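Colleague:
Numbering (the numbering used here), first residue to last: 24 to 168.
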(Lines of atoms letter the chains of each structure in order from A; the text may use other names.)
(Lines give C-alpha, C1' and ligand atoms only; values in the text may rest on other atoms or scores of the structure.)
Protein backbone atom coordinates (compact mmCIF):
# COMPACT_ATOMS: atom_id res chain seq x y z
CA UNK A 24 0.00 0.00 0.00
CA UNK A 25 1.29 3.46 -0.89
CA UNK A 26 0.11 6.46 1.09
CA UNK A 27 0.90 10.16 1.08
CA UNK A 28 -0.36 13.36 2.57
CA UNK A 29 0.22 17.00 3.36
CA UNK A 30 3.57 17.37 5.11
CA UNK A 31 4.07 13.60 5.45
CA UNK A 32 5.99 12.61 2.32
CA UNK A 33 5.12 9.31 0.63
CA UNK A 34 5.52 5.80 1.99
CA UNK A 35 4.92 2.22 0.93
CA UNK A 36 4.04 -0.55 3.36
CA UNK A 37 3.38 -4.25 3.01
CA UNK A 38 0.47 -5.48 5.12
CA UNK A 39 0.32 -9.18 5.98
CA UNK A 40 -1.93 -11.35 8.08
CA UNK A 41 -0.04 -12.60 11.14
CA UNK A 42 -1.95 -14.98 13.37
CA UNK A 43 -5.17 -13.30 14.47
CA UNK A 44 -4.01 -9.84 13.40
CA UNK A 45 -2.12 -7.94 10.76
CA UNK A 46 1.40 -6.53 10.59
CA UNK A 47 2.75 -3.68 8.47
CA UNK A 48 6.30 -3.53 7.18
CA UNK A 49 7.61 -0.29 5.67
CA UNK A 50 9.08 -0.93 2.22
CA UNK A 51 10.29 2.58 1.45
CA UNK A 52 9.87 6.21 2.43
CA UNK A 53 10.33 9.45 0.49
CA UNK A 54 10.18 12.40 2.89
CA UNK A 55 10.73 14.97 0.11
CA UNK A 56 7.72 14.21 -2.10
CA UNK A 57 4.22 14.24 -0.76
CA UNK A 58 0.93 15.40 -2.16
CA UNK A 59 -1.16 18.32 -1.05
CA UNK A 60 -4.85 17.79 -1.62
CA UNK A 61 -4.91 15.19 -4.40
CA UNK A 62 -4.62 11.48 -4.95
CA UNK A 63 -1.70 10.39 -7.14
CA UNK A 64 -2.23 8.06 -10.09
CA UNK A 65 -0.38 4.74 -10.40
CA UNK A 66 0.45 3.86 -14.02
CA UNK A 67 2.98 1.29 -15.23
CA UNK A 68 4.86 1.23 -11.93
CA UNK A 69 5.02 5.02 -11.72
CA UNK A 70 3.21 7.37 -9.36
CA UNK A 71 2.12 10.74 -10.80
CA UNK A 72 0.83 13.54 -8.61
CA UNK A 73 0.93 17.18 -7.60
CA UNK A 74 3.20 17.97 -4.67
CA UNK A 75 2.12 19.99 -1.65
CA UNK A 76 4.03 22.89 -3.24
CA UNK A 77 1.97 22.60 -6.44
CA UNK A 78 4.57 20.88 -8.66
CA UNK A 79 3.80 17.91 -10.91
CA UNK A 80 5.96 14.90 -10.08
CA UNK A 81 6.75 11.31 -11.05
CA UNK A 82 7.99 8.72 -8.57
CA UNK A 83 9.02 5.08 -8.99
CA UNK A 84 6.32 3.16 -7.10
CA UNK A 85 8.60 0.17 -6.43
CA UNK A 86 11.44 2.14 -4.81
CA UNK A 87 10.04 5.56 -3.89
CA UNK A 88 12.78 7.27 -5.89
CA UNK A 89 11.90 10.60 -7.48
CA UNK A 90 12.02 10.36 -11.28
CA UNK A 91 11.31 14.06 -11.88
CA UNK A 92 9.57 17.10 -10.43
CA UNK A 93 8.44 19.91 -12.71
CA UNK A 94 9.82 23.28 -11.61
CA UNK A 95 6.59 25.19 -12.30
CA UNK A 96 4.38 25.78 -9.28
CA UNK A 97 0.69 25.33 -10.12
CA UNK A 98 -1.68 26.47 -7.44
CA UNK A 99 -1.48 25.43 -3.79
CA UNK A 100 -1.49 21.63 -3.98
CA UNK A 101 -5.23 21.28 -4.60
CA UNK A 102 -5.49 19.18 -7.76
CA UNK A 103 -7.04 16.25 -9.55
CA UNK A 104 -4.81 13.77 -11.39
CA UNK A 105 -6.31 11.33 -13.90
CA UNK A 106 -5.06 8.46 -16.05
CA UNK A 107 -6.53 9.23 -19.48
CA UNK A 108 -4.98 6.30 -21.33
CA UNK A 109 -2.05 7.59 -23.37
CA UNK A 110 -1.67 10.74 -21.23
CA UNK A 111 -1.93 11.85 -17.63
CA UNK A 112 -4.24 14.80 -16.97
CA UNK A 113 -3.77 17.18 -14.06
CA UNK A 114 -6.20 19.89 -13.05
CA UNK A 115 -4.72 22.10 -10.31
CA UNK A 116 -6.82 24.75 -8.59
CA UNK A 117 -5.42 27.38 -11.02
CA UNK A 118 -7.92 25.90 -13.54
CA UNK A 119 -5.32 24.88 -16.12
CA UNK A 120 -5.96 21.38 -17.46
CA UNK A 121 -2.55 19.89 -18.26
CA UNK A 122 -1.90 16.83 -20.42
CA UNK A 123 1.54 15.25 -20.11
CA UNK A 124 3.28 12.03 -21.09
CA UNK A 125 3.32 9.24 -18.50
CA UNK A 126 7.12 8.99 -18.68
CA UNK A 127 9.74 8.31 -16.05
CA UNK A 128 12.48 10.05 -18.05
CA UNK A 129 11.30 13.66 -17.96
CA UNK A 130 8.28 15.92 -17.69
CA UNK A 131 6.88 16.33 -21.21
CA UNK A 132 3.86 18.61 -21.38
CA UNK A 133 1.62 17.97 -24.38
CA UNK A 134 -1.09 20.58 -23.83
CA UNK A 135 -2.31 23.15 -21.32
CA UNK A 136 -5.77 24.73 -21.47
CA UNK A 137 -7.38 27.28 -19.15
CA UNK A 138 -10.75 25.61 -18.50
CA UNK A 139 -12.35 27.97 -15.98
CA UNK A 140 -12.25 31.53 -14.68
CA UNK A 141 -12.50 30.56 -11.02
CA UNK A 142 -10.58 27.91 -9.03
CA UNK A 143 -11.32 24.24 -9.70
CA UNK A 144 -11.52 21.95 -6.69
CA UNK A 145 -13.90 19.24 -7.96
CA UNK A 146 -12.51 16.15 -9.64
CA UNK A 147 -13.18 16.27 -13.41
CA UNK A 148 -15.02 13.40 -15.09
CA UNK A 149 -13.87 11.79 -18.35
CA UNK A 150 -16.60 10.30 -20.56
CA UNK A 151 -15.38 9.11 -23.94
CA UNK A 152 -13.74 12.09 -25.65
CA UNK A 153 -15.32 14.55 -23.24
CA UNK A 154 -14.23 15.91 -19.92
CA UNK A 155 -16.60 17.62 -17.51
CA UNK A 156 -15.04 20.34 -15.35
CA UNK A 157 -16.70 22.05 -12.39
CA UNK A 158 -15.36 25.33 -11.06
CA UNK A 159 -16.87 27.51 -8.34
CA UNK A 160 -19.61 28.82 -10.64
CA UNK A 161 -20.19 26.51 -13.60
CA UNK A 162 -20.04 23.03 -15.05
CA UNK A 163 -18.41 22.90 -18.48
CA UNK A 164 -17.93 20.12 -21.01
CA UNK A 165 -14.74 20.04 -23.09
CA UNK A 166 -13.98 17.67 -25.96
CA UNK A 167 -10.51 16.38 -26.80
CA UNK A 168 -8.76 13.99 -29.16
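Positions of the beta carbon are idealized from the N, C-alpha and C atoms, including for glycine.
In this text, all values refer to a predicted model and were calculated from it rather than measured experimentally.
Around the C-beta of residue 164, are 16 or more other C-beta atoms found within 10 angstroms, so that it is buried, or is it exposed?
Modeller: exposed
Colleague: Among the candidates 43, 60 and 87, whose CA atom is the shortest distance from the CA of residue 24?
Modeller: 87
Colleague: Once DSSP output is grouped into helix, strand and coil, what is the label at residue 69?
Modeller: strand
Colleague: Got a sec, what are the start and stop residues for the beta strand (DSSP E) residue 135 sits in?
Modeller: For residue 135, the enclosing beta strand (DSSP E) begins and ends at 132 to 137.
Colleague: Sort 50, 43 and 61 by Cα distance to residue 30 and report the nearest one.
Modeller: When only C-alpha atoms are compared, the closest one is 61.
Colleague: Taking 8 angstroms as the threshold, find out whether the region 72 to 81 comes into contact with the region 109 to 128 through three or more Cβ pairs.
Modeller: Verdict: yes, contact present.
Colleague: Just to check my reading of the structure: residue 142 and residue 158 have Cβ atoms closer than 8 angstroms, yes? What is that Cβ distance to the nearest angstrom?
Modeller: Contact flag correct, Cβ pair sits at about 7 angstroms.
Colleague: Should residue 113 go down as buried or exposed, given a rule of 16 or more other Cβ atoms within 10 Å for buried?
Modeller: buried
Colleague: Leaving out the 5 sequence neighbours to the left and right, which residues in its chain are closer than 7 angstroms to residue 14 when beta-carbon positions are compared?
Modeller: Nothing about residue 14 can be read from this structure; the chain reaches only from 24 to 168.
Colleague: Please report the Cβ distance between residue 132 and residue 149, rounded to the nearest whole angstrom; I am assuming they are in contact, meaning their Cβ atoms lie under 8 angstroms.
Modeller: That belief does not hold up - the Cβ atoms of residue 132 and residue 149 are roughly 19 angstroms apart, past 8 angstroms.
Colleague: Return helix, strand or coil for residue 150, following the three-state DSSP convention.
Modeller: strand
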